[in-house]
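Numbering (this note's numbering), first residue to last: 60 to 422.
The C-beta atom is built at its ideal place from N, Cα and C for all residues, glycine as well.
Take a look at the structure:
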């Protein structure tokens, strides 16, 4: 947990410096656009996006019981309505939530505490025995407002990686530590998205590739290559004609269109990106796994994002089989060494390869 919070603070320093370059109105519009886009990605509507957004600094009223009551009323009226409590929140409830949102702690810890208390209270009110966190809108909205009051981006849930669920017999402190770490990863993704935002009206100019990017993409390519032979051997047990091939491409070049992954919105319009592809071919199906390293920011901030996508091609067409969620992707900071993030990057690549093989064997 401490490591994740330290990463939040380090990335936020970069985020704060870059935000100072743009006027408040532009930053506010960018945040609103990013939030609406993200909510739309997982099927939410504009009302939910607005619920997650706080007013600009200085315009947000104090976080009191009545404030929480207003927030709860808006959450209950969302179309289509997420699960709401079986009984309305009383003034005692909303005051307790306001107090939970005001504890003295790191902003991410404070947001996680407010979220956990809100989930616990709502589960008590509707008689639920399980956490079911992602089904409630109010806890997410409250946590998001807590973060923005501390000058952090909104907290955006990711249905692909829901928060840890408290299990009977689990140590409450261990569960809360896992929740804080989960929130920290979401905040890191939100910071990275805002660092990467650009109007998109001008292409970025190419420049020298930073040594950290060179080292990261080289290690990714070497690791993917090292896994190709075992994967091919495994697939040949099912299909003797199966094969695995690895290639690496520069995202700024246009030399081999077959190696270019289907479009995925980059974090920064026009930013440099590099990918390594593992192509798995069996009878009747081709699966392409892409591990993508991309620069973040315009001009580049020194931050790198490492993500993975898999695309399955069959006689009836091509579809995206799997992609890393924001919380599971890896953020590389400019102050990192080549070794600092490698364990997480290797874990991401191995997970992507495992999912790719599983997908291919099932079809």
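Item checked: Reduced DSSP secondary structure (H/G/I, E/B, other) of residue 412 -> Under the three-state reduction of DSSP output, residue 412 falls in the helix class.
Margin query: Using a 10 Å radius around the Cβ and a threshold of 16 neighbouring Cβ atoms, would you call residue 98 buried or exposed?
Written below: With a 10 Å radius around the Cβ and a threshold of 16 neighbouring Cβ atoms, residue 98 comes out buried.
Notebook entry, point to check: Would residue 348 count as contacting chain D if we go by Cβ distances under 8 Å?
Noted result: Among the protein chains of the structure shown there is no chain D, as only one such chain exists.
Check: Would residue 418 pass as a contact of residue 369 if the rule is Cβ separation under 8 Å?
Finding: Contact annotation: residue 418 and residue 369 have beta-carbon atoms nearer than 8 Å.
Item checked: Segment contact, 8 Å Cβ cut-off, at least three pairs: the segment 245-256 with the segment 62-71 -> Counting C-beta pairs closer than 8 Å gives three or more between the segment 245-256 and the segment 62-71, which meets the contact rule.
Check: Can you tell me where the alpha helix (DSSP H) with residue 74 in it begins and where it stops?
Finding: In the DSSP assignment, residue 74 falls within the alpha helix (DSSP H) that extends over 61-78.
Checklist line | Expected contact under 8 Å - CB spacing of residue 280 and residue 307 to nearest Å | finding: At roughly 5 Å, the Cβ-Cβ gap stays under 8 Å, so residue 280 and residue 307 are in contact.
Next item on the list: Reducing DSSP to helix, strand and coil, say where residue 162 ends up.
Entry: In the structure shown, residue 162 sits in coil (DSSP, three-state: anything other than H, G, I, E or B).
Next item on the list: Could you name the residues of the same chain whose beta carbon sits closer than 7 Å to that of residue 284, not counting the 5 residues immediately before and after it, in chain order?
Entry: Setting aside the 5 residues that flank it on each side, residue 284 is surrounded in the same chain by 305, each with a C-beta closer than 7 Å to its C-beta; the list follows chain order.
Item checked: Residues bridged to residue 379 [DSSP beta-bridge criterion] -> Residue 379 is bridged by DSSP to 370.
Notebook entry, point to check: Should residue 106 and residue 138 be called a contact, given that it needs their Cβ atoms to be closer than 8 Å?
Noted result: Cβ distance < 8 Å, so residue 106 and residue 138 count as in contact.
Item checked: Under 8 Å between C-beta atoms of residue 393 and residue 353 -> Their beta carbons are not under 8 Å apart, which means residue 393 does not touch residue 353 by this criterion.
Next item on the list: Apply the 10 Å Cβ neighbour rule to residue 212 and answer buried if 16 or more other Cβ atoms are within range, or exposed otherwise.
Entry: The residue is buried, with at least 16 neighbouring Cβ atoms inside 10 Å.
Notebook entry, point to check: Taking the beta strand (DSSP E) that residue 344 falls in, what are its first and last residues?
Noted result: Its beta strand (DSSP E) spans residues 344-355.
Notebook entry, point to check: Between residue 181 and the ligand NAD, is the CB less than 7 Å from at least one heavy atom?
Noted result: Only the bare structure without any ligand can be found here, which leaves the ligand NAD out of the picture.
Checklist line | Residues that DSSP places opposite residue 337 in a beta bridge | finding: Residue 337 is bridged by DSSP to 305, 348.
Notebook entry, point to check: Should the segment 107-116 be called in touch with the segment 197-216, which here means at least 3 C-beta pairs below 8 Å?
Noted result: Cβ pair count under 8 Å is three or more, so yes.
Check: Which residue spans inside the segment 177-243 form an unbroken alpha helix (DSSP H) run of at least 4?
Finding: The segment 177-243 contains these whole alpha helix (DSSP H) runs: 197-208.
Check: Considering only the beta carbon of each residue, do residue 357 and residue 331 sit closer than 8 Å?
Finding: Going by C-beta atoms, residue 357 is not nearer than 8 Å to residue 331.
Check: To the nearest whole angstrom, what separates the beta carbons of residue 173 and residue 160, a pair I think is in contact under 8 Å?
Finding: Rounded, the Cβ-Cβ distance is 4 Å, consistent with contact.
Item checked: CB contact flag (residue 123, residue 157, <8 Å) -> Contact: yes.
Margin query: For residue 406 and residue 240, what's the separation of their Cα atoms in angstroms?
Written below: One C-alpha to the other measures close to 17 Å.
Margin query: Pop quiz: residue 217 and residue 384 are said to be a contact at Cβ under 8 Å. What is the actual Cβ separation, rounded to whole angstroms?
Written below: Between residue 384 and residue 217 the Cβ distance is about 5 Å, and since that is below 8 Å, they are a contact.
Notebook entry, point to check: How many angstroms separate the CA atom of residue 254 from the CA atom of residue 133?
Noted result: Spanning the alpha carbons of residue 254 and residue 133 requires a straight line of approximately 30 Å.
Notebook entry, point to check: Where does the unbroken alpha helix (DSSP H) through residue 94 begin, and where does it stop?
Noted result: From DSSP, the alpha helix (DSSP H) with residue 94 extends over 83-100.
Notebook entry, point to check: For residue 75, does the count of other Cβ atoms within 10 angstroms reach 16, so buried, or fall short, so exposed?
Noted result: Residue 75 is exposed by the Cβ-count criterion.
Item checked: Coarse secondary structure for residue 422, derived from DSSP in three states -> Here residue 422 sits in coil by DSSP.
Checklist line | Where residue 12 falls, given that 16 or more other Cβ within 10 Å makes a residue buried | finding: Nothing in the structure corresponds to residue 12, since the chain is present only between 60 and 422.
Checklist line | Residue burial classification, residue 422 (beta-carbon count within 10 angstroms, cutoff 16) | finding: Exposed is the call here.
Next item on the list: Please look up how many angstroms separate the CB atoms of residue 423 and residue 373, rounded, as I've assumed it's under 8 Å.
Entry: Nothing about residue 423 can be reported from this structure: the residues present for the chain run from 60 to 422 only.
Checklist line | 8 Å Cβ shell around residue 62 - same chain, five flanking residues per side excluded | finding: If we look at residue 62 and ignore the five residues flanking it on each side, it has no Cβ neighbours.
Check: When we look at the beta-carbon of residue 402 and count the other beta-carbons within 10 Å, is it buried (16 or more) or exposed?
Finding: That one is exposed.
Checklist line | residue 192 versus residue 177: straight-line alpha-carbon distance, rounded | finding: Caution applies to residue 192, whose pLDDT of 43 falls short of 50 and renders its modelled position unreliable; the value that the coordinates give is listed next. Taking the straight line from one Cα to the other gives about 9 Å.
Checklist line | Straight-line Cα distance separating residue 82 from residue 282 | finding: Each residue's alpha carbon lies about 43 Å from the other.
Check: Are residue 21 and residue 296 close, meaning C-beta to C-beta below 8 Å?
Finding: Nothing in the structure corresponds to residue 21, since the chain is present only between 60 and 422.
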